[in-house]
Amino acid sequence: MKLKFTLVAIVLFAISALNAQETKSPKFGKGLFNLVGQDSTWTMKIGARMQFLAISNWEDGASNESNFLVRRARLKFDGYAFTPKLKYKLELGLSNRDISGASAFTSNAPRYILDAVMKWNFAPGFELWFGQTKLPGNRERVVSSANLQQVDRSLLNNRFNIDRDFGIQLRHKFNLSDTFIVKEIFSIAQGEGRNVTTGNLGGYQYTGRVELFPFGNFASKGDYKGSDLKREQTPKLAVGVSYDHNNNAVKNRSNQGSYMVTDTGFFETNINTLFVDAMFKYKGFSFMAEYADRDAKDPCAKNSDGSLTGDEVQVGKGLNLQTGILCKNDWEISGRYTNIELNEVITGKNPESQYTLGVSKYIVGHSLKVQTDISHLDVKNGNNELMWRLQFDIHF
Numbered sequence: 171m172k173l174k175f176t177l178v179a180i181v182l183f184a185i186s187a188l189n190a191q192e193t194k195s196p197k198f199g200k201g202l203f204n205l206v207g208q209d210s211t212w213t214m215k216i217g218a219r220m221q222f223l224a225i226s227n228w229e230d231g232a233s234n235e236s237n238f239l240v241r242r243a244r245l246k247f248d249g250y251a252f253t254p255k256l257k258y259k260l261e262l263g264l265s266n267r268d269i270s271g272a273s274a275f276t277s278n279a280p281r282y283i284l285d286a287v288m289k290w291n292f293a294p295g296f297e298l299w300f301g302q303t304k305l306p307g308n309r310e311r312v313v314s315s316a317n318l319q320q321v322d323r324s325l326l327n328n329r330f331n332i333d334r335d336f337g338i339q340l341r342h343k344f345n346l347s348d349t350f351i352v353k354e355i356f357s358i359a360q361g362e363g364r365n366v367t368t369g370n371l372g373g374y375q376y377t378g379r380v381e382l383f384p385f386g387n388f389a390s391k392g393d394y395k396g397s398d399l400k401r402e403q404t405p406k407l408a409v410g411v412s413y414d415h416n417n418n419a420v421k422n423r424s425n426q427g428s429y430m431v432t433d434t435g436f437f438e439t440n441i442n443t444l445f446v447d448a449m450f451k452y453k454g455f456s457f458m459a460e461y462a463d464r465d466a467k468d469p470c471a472k473n474s475d476g477s478l479t480g481d482e483v484q485v486g487k488g489l490n491l492q493t494g495i496l497c498k499n500d501w502e503i504s505g506r507y508t509n510i511e512l513n514e515v516i517t518g519k520n521p522e523s524q525y526t527l528g529v530s531k532y533i534v535g536h537s538l539k540v541q542t543d544i545s546h547l548d549v550k551n552g553n554n555e556l557m558w559r560l561q562f563d564i565h566f
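566 is the number that our numbering gives the last residue of the sequence shown; the numbers go up by one with no jumps.
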């Protein structure tokens with residue numbers, strides 16, 4: 171009922187705003203419509219997107235399992251307020267996967283809010299972000315799920331990403347030469363993930379990232395989009411390094427995963443995560459590489475008597491390599507190799523490798539596309555798994 175009321179309120183607001191303000195109809199994929207204040211002191215672009223997924227899994231010694239679902243369904247609002255130097259973004263998730271994860275720490279409420287952030291360009295080359303949004307972690311996670319090269323992100327992202335959190339980010343960029351660009355980000359966050367209302371049980375989360383662009387910027391922010399849809403006419407390369415320190419973390423994957431509960435409360439330990447990544451594009455060819463490494467001061471949660479609780483930090487490392495070739499008719503063939511090696515002694519998990527072959531048809535870029543891929547998961551001393559996926563993606 172609350173969700174229905176919220177959606178109705180949003181629609182009524184949009185209709186009233188359209189009647190009262192000047193509107194600008196954007197191109198397909200650039201938002202449903204734009205609102206501009208009569209005195210030009212504010213703007214709002216409203217967008218929506220959906221992903222429909224079919225998936226089948228075959229595991230050694232087990233029967234086939236299949237599923238059909240709305241993978242993502244989201245509303246997005248962004249623009250500026252008072253001055254173009256003060257921007258905002260609000261993104262709401264409506265699908266089951268988007269809003270799942272309700273707990274006592276989210277007031278036992280669905281997690282509708284994905285992003286709610288303000289961005290202030292207070293000086294040339296500087297931006298201050300405040301609110302809930304993605305932390306500057308691994309490249310693949312920061313790439314929007316609407317702009318992925320394959321149906322979904324890799325196992326590396328699944329095991330190591332630091333996703334969203336509430337905090338402050340300071341961003342800066344400068345030129346070393348006419349073409350060589352350097353971008354830096356420093357973030358301080360609560361450290362327990364998104365939509366937390368009862369939080370900061372441990373310490374804070376500190377993240378730093380540096381990115382190098384030796385050949386200049388990518389077209390249309392292509393360093394954070396899958397595939398070379400702009401067909402870069404000169405080689406473009408981005409190299410990034412992120413380091414994340416979650417002080418006295420209480421979750422087993424930094425600010426993600428499950429809470430580490432003991433007989434006296436919560437187990438706290440320092441968790442550090444390193445990401446090294448790169449993106450290269452040239453004339454329809456793209457290549458992305460990522461490496462992740464996570465460790466912890468004390469990875470095993472313990473009760474007051476020293477006994478293990480069974481919760482442990484997911485320490486280990488991962489490698490992801492992904493490439494694609496975009497044909498002239500906007501069909502693309504892509505391949506991905508991912509290797510995950512969590513500490514077997516601590517986590518009890520065996521090394522695993524996944525091989526993925528994907529085919530995509532871009533009808534209107536990432537805004538309207540059909541993607542399919544097939545993956546083979548090889549688990550050391552475990553069952554192998556074959557997975558096939560088909561996804562239709564549309565966003566306005």
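All C-beta atoms, glycine included, are put in the ideal place defined by N, C-alpha and C. For clarity, every value in this text was computed on a predicted model and none was experimentally measured.
Give every residue of the same chain whose Cβ lies closer than 6 Å to the Cβ of residue i, excluding the five residues on either side of it in the sequence, and list them in chain order.
i           : result
residue 327 : 310, 311
residue 293 : none
residue 448 : 409, 459
residue 192 : Residue confidence for residue 192 is low, a pLDDT of 47 falling below 50, so the modelled location carries little weight; the figure read from the coordinates is stated next. Closer than 6 Å at the Cβ level, and outside the excluded window around residue 192, lie 206.
residue 548 : 523, 554
residue 557 : 227, 545
residue 500 : 532
residue 285 : 259, 261, 303
residue 415 : 376, 442
residue 235 : 227
residue 241 : 221, 223
residue 275 : 366, 368
residue 354 : 342, 380
What distance in whole Å lies between the Cβ atoms of residue j and residue i, which are believed to be in contact at a cut-off of 8 Å?
i           : j           : result
residue 516 : residue 426 : That pair is no contact at about 17 Å.
residue 565 : residue 218 : 7 Å
residue 222 : residue 437 : About 40 Å separates the two Cβ atoms, so there is no contact after all.
residue 443 : residue 330 : 6 Å
residue 520 : residue 551 : 5 Å
residue 422 : residue 366 : With a Cβ gap of about 16 Å, residue 422 and residue 366 do not count as contacting.
residue 452 : residue 402 : 5 Å
residue 398 : residue 456 : 4 Å
Taking the beta strand (DSSP E) that residue i falls in, what are its first and last residues?
i           : result
residue 281 : No beta strand (DSSP E) contains residue 281, which DSSP labels as neither H nor E.
residue 205 : 203-206
residue 344 : 334-345
residue 442 : 439-452
residue 330 : Premise fails: residue 330 lies in the alpha helix (DSSP H), 325-330, not in any beta strand (DSSP E).
residue 402 : Residue 402 -> no beta strand (DSSP E), and no H or E assigned at all.
residue 253 : 253-263
residue 299 : 296-304
residue 213 : 213-229
residue 200 : Element bounds for residue 200: n/a, residue is neither H nor E.
Between the options, which lies nearest to residue i when the distance is taken from Cα to Cα?
i           : options            : result
residue 321 : 540, 353, 483      : 540
residue 307 : 420, 411, 502      : 411
residue 318 : 494, 423, 553      : 494
residue 277 : 551, 400, 368      : 368
residue 362 : 441, 353, 201      : 441
residue 243 : 436, 264, 284, 302 : 264
residue 288 : 325, 340, 432, 484 : 340
residue 394 : 241, 316, 351      : 316
residue 261 : 279, 202, 303      : 303
residue 559 : 334, 527, 456      : 527
residue 364 : 280, 400, 433, 379 : 280
residue 474 : 450, 434, 487, 497 : 434
residue 372 : 356, 381, 417      : 417
residue 407 : 419, 420, 392      : 392
residue 324 : 530, 513, 505      : 505
residue 212 : 201, 238, 250, 430 : 250
For residue i, which residues in the same chain have their Cβ closer than 8 Å to its Cβ, ignoring the five residues on either side in sequence?
i           : result
residue 230 : 553, 554, 555
residue 199 : 534, 535, 536, 537, 538, 565, 566
residue 143 : Since the first residue of the chain shown is 171 and the last is 566, residue 143 is not available in this structure.
residue 478 : 470, 471, 472
Go through its chain and collect everything with a Cβ distance to residue i's Cβ below 7 Å, but skip five positions before and after it.
i           : result
residue 358 : 337, 338, 374, 376
residue 468 : 439
residue 351 : 343, 345, 383, 386, 387
residue 390 : 400
residue 269 : 263, 280, 281, 282
Could you please give me the residues that DSSP links to residue i through a beta bridge?
i           : result
residue 495 : 455, 503
residue 375 : 359, 416
residue 429 : 421
residue 409 : 382, 448
residue 541 : 530, 561
residue 490 : 460, 508
Under 7 Å: does the beta carbon of residue i sit that close to some heavy atom of the ligand PLP?
i           : result
residue 321 : In terms of ligand content, the structure shown is empty, and the ligand PLP therefore cannot be addressed.
Which residues bound the alpha helix (DSSP H) around residue i?
i           : result
residue 268 : 266-269
residue 309 : 309-312
residue 368 : Careful: residue 368 lies outside any alpha helix (DSSP H) and carries neither H nor E.
residue 517 : 514-517
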